[in-house]
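In the working numbering, the protein residues as written are 112 to 276. The beta carbon of each residue, even a glycine, is placed where N, CA and C say it ideally should be.
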Amino acid sequence: MIPSFRNTNFLIFIACTLMILAAAYMEHVMKMIPCSLCITQRGFVVLTGLLALAAALHNPALTGRRTYAVLGIVSAILGACFAGRQLWLQSLPADQVPACGPGLAYMFEVFPFMEALELLLQGDGNCAHVDKILGLSLAAWTFMAFIGLAAVNLYQLLRKQDKLV
112 MIPSFRNTNF
122 LIFIACTLMI
132 LAAAYMEHVM
142 KMIPCSLCIT
152 QRGFVVLTGL
162 LALAAALHNP
172 ALTGRRTYAV
182 LGIVSAILGA
192 CFAGRQLWLQ
202 SLPADQVPAC
212 GPGLAYMFEV
222 FPFMEALELL
232 LQGDGNCAHV
242 DKILGLSLAA
252 WTFMAFIGLA
262 AVNLYQLLRK
272 QDKLV
């Protein structure tokens, strides 16, 4: 049986919650320090999950369902873009990796907000570090997760309207 629109959105929310819990575990238990692109990707995981939760709780009619699905697709694709940027940085030869920048807290403390945000979104040498889980980098796993989230939201966009449950 195919889950309803509402249940599918709850599943998207649960998947995003599990991704954030895994990231928190890796950061706090495994002591993997996230780079600026990792933090940006987390933001898009949270945004995608919150959009799905809002859609599930709101349970709108067809136009609202399509709106939530499009927003979920956009959020997941933007997240995949940042994961792809990190994959690109990780693929560079060591001599072409950009220099490591200052810490996140320092950037927002010293630089104007927009400049700090731009530096955050570009990534730096810290983002080229590769941590592997089950043979793939975390950026690769995150990229695939974003593609999956976009695909499920695309399914939500294109599916025939089921009963409002």
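Quick check on serine 248: does DSSP put it in helix, strand or coil? In this structure, serine 248 counts as strand in the three-state DSSP scheme.
Beta-ladder partner(s) of lysine 243, from DSSP: Under the DSSP definition of a beta bridge, lysine 243 partners with Ser248.
Using a Cβ-Cβ cut-off of 7 Å (strictly less than) and excluding sequence neighbours within five positions of phenylalanine 219, which residues of its own chain qualify? Ala227
So what's valine 157 in DSSP terms, helix, strand or just coil? helix
Which one of Thr159, Asn170, Phe193, Leu164 has the shortest CA to CA distance from leucine 148? Nearest of Thr159, Asn170, Phe193, Leu164 to leucine 148, Cα basis: Phe193.
My assumption, with CB atoms under 8 Å, is that glycine 160 sits in contact with isoleucine 184. Please give the rounded CB distance. In fact, because the Cβ distance is near 14 Å, the residues do not count as touching under 8 Å.
Length of the line joining the Cα atoms of leucine 189 and alanine 163: 16 Å
Looking only at its own chain, which residues have a Cβ that is under 6 Å from the Cβ of tryptophan 199, when we skip the five neighbours before and after it? Excluding positions up to five away in sequence, the list is empty.
Continuous alpha helix (DSSP H) stretch holding isoleucine 131: start and end: 116-139
Is the distance from the Cβ of alanine 167 to the Cβ of asparagine 120 below 7 Å? yes
Looking at C-alpha atoms only, which residue of Lys142, Arg153, Val221, Phe116 is the closest neighbour of tryptophan 252? Arg153
Taking the alpha helix (DSSP H) that cysteine 146 belongs to, which residues open and close that run? DSSP places cysteine 146 outside any alpha helix (DSSP H), giving it a letter other than H or E.
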